[in-house]
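So the structure is just underneath, and the comments pick up after that.
Protein chains: 2
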Amino acid sequence: MEPVIPVQTEIDILRSLEIMTEPSEPDDSFHVFDTTLRDGAQREGINLTVADKLAIARHLDDFGVGFIEGGWPGANPRDTEFFARAQREIDFKHAQLVAFGATRRAGGKASEDPQVKALLDSGAPVVTLVAKSHDRHVELALRTTLDENLEMVRDTVAHLRSQGRRVFVDCEHFFDGYRANPEYAKAVVRAASEAGADVVILCDTNGGMLPAQVQAVVSTVLADTGARLGIHAQDDTGCAVANTLAAVDAGATHVQCTANGYGERVGNANLFPVVAALELKYGKKVLPDGALREMTRISHAIAEVVNLTPSTHQPYVGVSAFAHKAGLHASAIKVDPDLYQHIDPEQVGNTMRMLVSDMAGRASIELKGRELGVDLGDDRELVGRVVGRVKERELQGYTFEAADASFELLLRAEAEGRARTYFEVESWRAIVEDRPDGSHANEATVKIFAKGERIVATAEGNGPVNALDRALKVALEKIYPPLAQLELVDYKVRILEGKHGTQSTTRVLISTSDGKGEWSTVGVADNVIAASWEALADAYTYGLLRAGVEPAE
Amino acid sequence: MEPVIPVQTEIDILRSLEIMTEPSEPDDSFHVFDTTLRDGAQREGINLTVADKLAIARHLDDFGVGFIEGGWPGANPRDTEFFARAQREIDFKHAQLVAFGATRRAGGKASEDPQVKALLDSGAPVVTLVAKSHDRHVELALRTTLDENLEMVRDTVAHLRSQGRRVFVDCEHFFDGYRANPEYAKAVVRAASEAGADVVILCDTNGGMLPAQVQAVVSTVLADTGARLGIHAQDDTGCAVANTLAAVDAGATHVQCTANGYGERVGNANLFPVVAALELKYGKKVLPDGALREMTRISHAIAEVVNLTPSTHQPYVGVSAFAHKAGLHASAIKVDPDLYQHIDPEQVGNTMRMLVSDMAGRASIELKGRELGVDLGDDRELVGRVVGRVKERELQGYTFEAADASFELLLRAEAEGRARTYFEVESWRAIVEDRPDGSHANEATVKIFAKGERIVATAEGNGPVNALDRALKVALEKIYPPLAQLELVDYKVRILEGKHGTQSTTRVLISTSDGKGEWSTVGVADNVIAASWEALADAYTYGLLRAGVEPAE
Chain A
1 MEPVIPVQTE IDILRSLEIM TEPSEPDDSF HVFDTTLRDG AQREGINLTV ADKLAIARHL
61 DDFGVGFIEG GWPGANPRDT EFFARAQREI DFKHAQLVAF GATRRAGGKA SEDPQVKALL
121 DSGAPVVTLV AKSHDRHVEL ALRTTLDENL EMVRDTVAHL RSQGRRVFVD CEHFFDGYRA
181 NPEYAKAVVR AASEAGADVV ILCDTNGGML PAQVQAVVST VLADTGARLG IHAQDDTGCA
241 VANTLAAVDA GATHVQCTAN GYGERVGNAN LFPVVAALEL KYGKKVLPDG ALREMTRISH
301 AIAEVVNLTP STHQPYVGVS AFAHKAGLHA SAIKVDPDLY QHIDPEQVGN TMRMLVSDMA
361 GRASIELKGR ELGVDLGDDR ELVGRVVGRV KERELQGYTF EAADASFELL LRAEAEGRAR
421 TYFEVESWRA IVEDRPDGSH ANEATVKIFA KGERIVATAE GNGPVNALDR ALKVALEKIY
481 PPLAQLELVD YKVRILEGKH GTQSTTRVLI STSDGKGEWS TVGVADNVIA ASWEALADAY
541 TYGLLRAGVE PAE
Chain V
1 MEPVIPVQTE IDILRSLEIM TEPSEPDDSF HVFDTTLRDG AQREGINLTV ADKLAIARHL
61 DDFGVGFIEG GWPGANPRDT EFFARAQREI DFKHAQLVAF GATRRAGGKA SEDPQVKALL
121 DSGAPVVTLV AKSHDRHVEL ALRTTLDENL EMVRDTVAHL RSQGRRVFVD CEHFFDGYRA
181 NPEYAKAVVR AASEAGADVV ILCDTNGGML PAQVQAVVST VLADTGARLG IHAQDDTGCA
241 VANTLAAVDA GATHVQCTAN GYGERVGNAN LFPVVAALEL KYGKKVLPDG ALREMTRISH
301 AIAEVVNLTP STHQPYVGVS AFAHKAGLHA SAIKVDPDLY QHIDPEQVGN TMRMLVSDMA
361 GRASIELKGR ELGVDLGDDR ELVGRVVGRV KERELQGYTF EAADASFELL LRAEAEGRAR
421 TYFEVESWRA IVEDRPDGSH ANEATVKIFA KGERIVATAE GNGPVNALDR ALKVALEKIY
481 PPLAQLELVD YKVRILEGKH GTQSTTRVLI STSDGKGEWS TVGVADNVIA ASWEALADAY
541 TYGLLRAGVE PAE
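Chains as they are written, first to last, in UniProt numbering: chain A, 1 to 553; chain V, 1 to 553.
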């Protein structure tokens, strides 16, 4: 369980087995650089909106990465908008925003290059420039000379530096380039470093490297150039995490990763096992205090934003990562969990599970209650009831990780002995009709009781859920005026048990805003409309609770 | 693209970059040992029948692994039956069957131990014995003395050898044990080796090691004991493949892996990237001729048997492993695919795929057309029209990278000058009703024209999309009998522009099967029902195209 550092010799091995002293605070001497929003977005099946990017940037900043590469401003309107809004809307606590772009065009001047200007216009304090370092790529893809490529690196770095930007340079295809022409590859590193780049990142763009190769090349380039080096590894050999650590062993002090390893083809080096290894195995402080304990939650939250199922078997953060199946293990674990776990799962915000039981442990419920301001005190019986309810609902397909408001309603219902009920539903109906002219009619009717009144309301919308939302609001807002402020701001659908097509269970997550804050609710049903209705009803109930309205009798 | 070996020094690096000469045939000097049927079965969610185990054993033997660990005969009736049937029913071409079991009980005799007898009774020519090598585990879990544990190893190995079995010994928790008490850990290795074990396997049972640590420990143990060593790595740090290769670098000549990395908690070292690295990067022949080209097929086939969706992002064998998204890459790939791929995907039986997205240009459309068998020839104007249509539709929210069938319909419509039309839609309607008793009614009606007939059909379903699917099938299948085979197998919903709540655009992806193959279609609309309808209509149209049905006039 003790943190250890990687080793090369017998003496080192023994030293590595000693407990490390308290690690120091993270500072500029080591960079955790995240590129989920740029390289991660290259993953097949990921298609991020600006709102998605802002949500992910908030999670990454909470986690405490030092740098967030947001995209390529100027290359597409979405990335340009992201940089504008991120600086306006996010109050970054830890991270600096990084714009990604290319060196200037061959034969031009950096100061006159519109693509370079867009990087400056983004307002990002840091720019990562991608530069070719493989001679064949310079000639075949860039179609310029090797010398002009060096000049493009120097000119662009110097120009951005003169405009007050910090510059990192990504050497694309570095390892393949080094194999083909090591002197030229190193010349690119020197050109970048001498022109003022703070870090030169060696990229295994095609992902074909193995750790021993990465370590050897990084060591040599470090010795030969003296530049500060970083590593950017792709996972095509299944070794991206190990390649990243091998580069650190060789002296790299900047690691580029993506949340959950998202990225082109197989993916990039996964941020979570990389920082966990650095903190827990190397004893190297790379995140703010307490951040690692949020890792599991943040990993899952980002998966929800990109609308991919969190990998159950991801190292450290997967729900199976500390799940023990063998019955033999169980009793030994009761004696001493360290016998069967390489770390304490609480260190990364995960929990040990004995299979057949499930995920929600008492400790996490207690912690969550505290976080929500609902005091569960030492009422073990109450905590047990909540755990039971969560397990029962998660079995049905609910998830509370991304639906804090629904969880709080569940928690309060158990703590207060009854659910908050502001209205009761008699029935509802939604109709979607495609007309011969191609237009759609969407109409919903709700029948509810509130404060002793029976109310029937009908509304139209641009879809059945929108129509239901409007009908519910029409029905309730005269009785509960605060509901007029409520607005649905996000809506996500996930089909569970994918092998049943449209007969699957459907989970809907809704985010609602009252202009002062946002909250998320969940609904699960056999169809998308019924699941949406349940999440809507929770969203309205929570909105009234937040507004301090007393429940009706 | 050339195979290279891992390296430590500058001279080695350069040597590693040379093309290797023809590798030699696999022989006993290096073992590929598979434990999917034993350790892989510990994965959460896997529950193998004897028939499953037999099917997997056949696939592994086809692939050409040297050893297949089939389970623990005697420990449960399923494993006992597997050994009996495997020897009767499978004509192994390459692999030897291995029985797994434990050293004899403390204080007894191996020749009288019923568990040891069951290993012999299994008839397997090879036995892997698990032995404790961590002093605390001997005392706490085994509850015997350190000396008696050594005696248990010696006695059991010697007894099995005297009965003509080949013996391998798995040292459980070896790396943690080495950290705690290196002399004792090495004493277990010596005891096993001196008693006649052919290979002693160092197991990272808790999976907490990193490659540099594994390499250092394996080197030292090899030098100090002279035993033939193997490696068994778990993936808890995300480094199991790298740890396995690090052990090989240090002199291990036996690797234990599982297909697709299945195993307890996060999983085991994944067989496929390990053998691919050995063959393609080290130039080490570890499989029969031609086996590597079957790797993608075998990986997916085993996933089908264990009933898990094949990981799309698995190194080498995932469907995304050679999928290219960026438009910039596509033009370079047309010039030379090696520029953007670390190996030729055909070497592992996979294929390069171009993802059609708004980042795509002409080059990717041409490559994609070729992949789908639609010849765009040198018709630059046609390619330009298709690129224009893709960009226009992606702006509206369509995505074609996950909807090959919709893309092919679009491509054919442009190439053939008109869309394939098997039916025309007059109108449709879906109603979802929540009744006072909490149940839901879902009903859909479709009105269509096909082959000159006007057809009106109504169906119920467990949700509005299911009801529409059924109504469309009822309406069409008399006219087009092949539609009876169609089944929706996956359904995904994504809400675009998340900051507009239920007023957002909705994208639906549907996968459909006709029992022989699957295809995916996309629909985009202002609401989920209308988007689903569009994807359904494309799915039916493509199903008829696949079935070779001629469009109606």
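Ideal placement from N, C-alpha and C gives every residue a C-beta, glycine not left out.
None of these values were measured; they are calculated from a predicted model.
*Consider the Cβ of V/A539: report whether some Cβ of chain A lies at a distance smaller than 8 angstroms.*
The count along the second sequence starts at 1 and reaches residue 539 of chain V at position 539. Not an interface residue.
*Residue range of the beta strand (DSSP E) that A/G251 falls in?*
The residue you call residue 251 of chain A lines up with position 251 of the first sequence. Segment: none, A/G251 is in no beta strand (DSSP E) and carries neither H nor E.
*chain V contacts made by the segment 424-440 of chain A, where a contact means CB separation under 7 angstroms*: E426, S427, W428, R429, A430, I431, V432, E433, D434, R435, P436, H440
*By DSSP, does A/F100 sit in helix, in strand, or in coil?*
One-based indexing of the first sequence puts residue 100 of chain A at position 100. Of the three classes helix, strand and coil, the one that applies to A/F100 here is strand, per DSSP.
_What does the alpha-carbon distance come out to for the pair A/V4 and A/Y282?_
Residue numbering aside, residue 4 of chain A sits at position 4 when the first sequence is read from its first letter. Residue numbering aside, residue 282 of chain A sits at position 282 when the first sequence is read from its first letter. The predicted position of A/V4 is uncertain, since its pLDDT is 40 and thus under 50; a value taken from the coordinates is nonetheless stated next. Roughly 5 angstroms separates the two Cα atoms.
_Cutoff 8 angstroms: V/T103 Cβ touching any chain A Cβ_ = Residue numbering aside, residue 103 of chain V sits at position 103 when the second sequence is read from its first letter. Output row for V/T103: interface = no.
*asked:* With DSSP as the reference, identify every bridge partner of A/S299, one or two as the case may be.
replied: Indexing the first sequence from 1 puts residue 299 of chain A at position 299. In DSSP, A/S299 forms no bridge with anything.
*Can you say whether A/R454 is buried or exposed, counting buried as having 16 or more other CB atoms within 10 angstroms of its CB?*
In the first sequence, counting from the first residue as 1, residue 454 of chain A sits at position 454. Per the 10 Å Cβ criterion, exposed.
*asked:* Quick check on DSSP: helix, strand or coil for residue 603 of chain A?
replied: In the structure as shown, chain A starts at 1 and stops at 553, and residue 603 of chain A therefore has no counterpart that could be examined.
_C-beta neighbour in chain A for V/R393, strict 8 angstroms_ = One-based indexing of the second sequence puts residue 393 of chain V at position 393. It does not: the Cβ of V/R393 has no partner Cβ on chain A nearer than 8 angstroms.
*Any beta-carbon of chain A closer than 8 angstroms to the one on V/F322?*
Within the second sequence, the letter at position 322 stands for residue 322 of chain V. Taking Cβ atoms only, chain A reaches closer than 8 angstroms to V/F322, which makes this a yes.
*May I ask you to report which of helix, strand or coil DSSP gives A/W533?*
Residue mapping note: residue 533 of chain A aligns to position 533 of the first sequence, counting from 1. Looking at A/W533 - three-state DSSP - the assignment turns out to be helix.
*Taking the continuous beta strand (DSSP E) assigned at A/F400, which residues delimit it?*
Counting from 1 along the first sequence, the entry for residue 400 of chain A is found at position 400. No beta strand (DSSP E) contains A/F400, which DSSP labels as neither H nor E.
_Within 9 angstroms of chain A by C-beta, residues of the segment 183-211 of chain V in sequence order_ = D204, T205, N206, G207, G208, M209, L210, P211
*When you compare only the Cα positions, how much space is there between A/C239 and V/G238?*
Here residue 239 of chain A corresponds to residue number 239 of the first sequence, with the count starting at 1. Here residue 238 of chain V corresponds to residue number 238 of the second sequence, with the count starting at 1. Near 8 angstroms, if we compare the C-alpha coordinates of V/G238 and A/C239.
_Less than 8 angstroms between the beta carbons of V/Y422 and V/T512, yes or no?_
Against the second sequence, residue 422 of chain V aligns to sequence position 422. Against the second sequence, residue 512 of chain V aligns to sequence position 512. Against a cut-off of 8 angstroms, the Cβ pair of V/T512 and V/Y422 comes out as no contact.
*Got a sec: is the Cβ-Cβ distance from A/V32 to anything in chain V below 8 angstroms?*
Here residue 32 of chain A is taken as the residue at index 32 of the first sequence, counted from 1. Cβ-Cβ to chain V under 8 angstroms: no for A/V32.
*asked:* My output table needs one value for V/V4: the three-state DSSP class, helix, strand or coil.
replied: Against the second sequence, residue 4 of chain V aligns to sequence position 4. Confidence in V/V4 is poor, its pLDDT being 40 and thus under 50, which makes the residue's placement too unreliable to answer from.
_Residues of the segment 127-148 of chain A with Cβ closer than 9 angstroms to any Cβ of chain V, in chain order_ = H134, R136, H137, L140, A141
*Tell me whether the beta-carbon of A/H232 lies closer than 8 angstroms to the beta-carbon of A/I201.*
What you label residue 232 of chain A is simply residue 232 of the first sequence in a count that begins at 1. What you label residue 201 of chain A is simply residue 201 of the first sequence in a count that begins at 1. Contact flag set, yes.
_Where V/P26 falls, given that 16 or more other Cβ within 10 Å makes a residue buried_ = Here residue 26 of chain V refers to the residue found at position 26 when the second sequence is read from its first residue. With 16 or more other Cβ atoms within 10 Å, it is buried.
*Sequence-distant residues of the same chain with beta carbon closer than 6 angstroms to V/A246, five excluded per side*: Taking the first residue of the second sequence as 1, we reach residue 246 of chain V at position 246. Within the same chain, V/A246 has close Cβ partners P211, V214, Q215.
_Where the alpha helix (DSSP H) through V/N149 begins and ends_ = Within the second sequence, numbered from 1, the residue matching residue 149 of chain V stands at position 149. Taken as a continuous stretch (DSSP letters only), the alpha helix (DSSP H) holding V/N149 covers 146-162.
*Can you say whether V/S439 is buried or exposed, counting buried as having 16 or more other CB atoms within 10 angstroms of its CB?*
Counting from one through the second sequence, the residue named residue 439 of chain V turns up at place 439. Label assigned to V/S439: exposed.
_Report the CB separation of V/L97 from V/G71 in whole angstroms; it is logged as a contact under 8 angstroms._
Here residue 97 of chain V refers to the residue found at position 97 when the second sequence is read from its first residue. Here residue 71 of chain V refers to the residue found at position 71 when the second sequence is read from its first residue. Not really, about 10 angstroms apart at Cβ, beyond 8 angstroms.
_Rounded separation between V/D135 and A/T244 - CA only_ = Here residue 135 of chain V refers to the residue found at position 135 of the second sequence. Here residue 244 of chain A refers to the residue found at position 244 of the first sequence. Answer to the nearest angstrom: the Cα atoms are 33 angstroms apart.
*Under the three-state reduction of DSSP, which class applies to A/E112: helix, strand or coil?*
Looking up residue 112 of chain A in the first sequence gives position 112. Three-state DSSP puts A/E112 in a helix.
*First through last residue of the beta strand (DSSP E) which encompasses V/H59*: Counted from its first residue, the second sequence places residue 59 of chain V at position 59. Segment 50-63 is the alpha helix (DSSP H) holding V/H59; no beta strand (DSSP E) there.
*Measure the Cβ-Cβ separation of V/A99 and V/V130 and say whether it is below 8 angstroms.*
The count along the second sequence starts at 1 and reaches residue 99 of chain V at position 99. The count along the second sequence starts at 1 and reaches residue 130 of chain V at position 130. No; because the gap between Cβ atoms is not below 8 angstroms, this pair is not in contact.
*List the DSSP bridge partners of A/S133.*
Here the question's residue 133 of chain A lines up with position 133 in the first sequence. The partner list for A/S133 (beta bridge, DSSP) is empty, contrary to what the question assumes.
*Report the rounded CA-to-CA distance for A/G164 versus A/A192, giving the unit in angstroms.*
Numbered from 1 along the first sequence, position 164 holds the residue referred to as residue 164 of chain A. Numbered from 1 along the first sequence, position 192 holds the residue referred to as residue 192 of chain A. Going by the C-alpha atoms only, they are around 16 angstroms apart.
_With 16 other Cβ atoms within 10 Å as the buried cut-off, status of A/S29_ = For this step, residue 29 of chain A is matched to residue 29 along the first sequence. Exposed.
*Does the beta carbon of V/K473 come closer than 8 angstroms to any beta carbon on chain A?*
Residue mapping note: residue 473 of chain V aligns to position 473 of the second sequence, counting from 1. Closer than 8 angstroms: no.
_Would you say A/P273 lies against chain V (beta-carbon separation less than 8 angstroms)?_
Position 273 of the first sequence, counted from the start, is the residue given in the question as residue 273 of chain A. With 8 angstroms as the cut-off, A/P273 counts as an interface residue toward chain V.
*Starting from the C-beta of V/G207, find all residues in its chain whose C-beta is less than 8 angstroms away, skip the five residues before and the five after it, and write them out in chain order.*
For the purposes of this step, residue 207 of chain V is taken as residue 207 along the second sequence, with counting starting at 1. The answer, listed in chain order, is A233, Q234, D235, D236, T237, A240, R265, V266.
*Assuming V/V493 and A/V528 form a contact by the criterion Cβ under 8 angstroms, report the distance between their Cβ atoms to the nearest whole angstrom.*
For the purposes of this step, residue 493 of chain V is taken as the residue at position 493 of the second sequence. For the purposes of this step, residue 528 of chain A is taken as the residue at position 528 of the first sequence. V/V493 to A/V528, Cβ: 7 angstroms. Contact.
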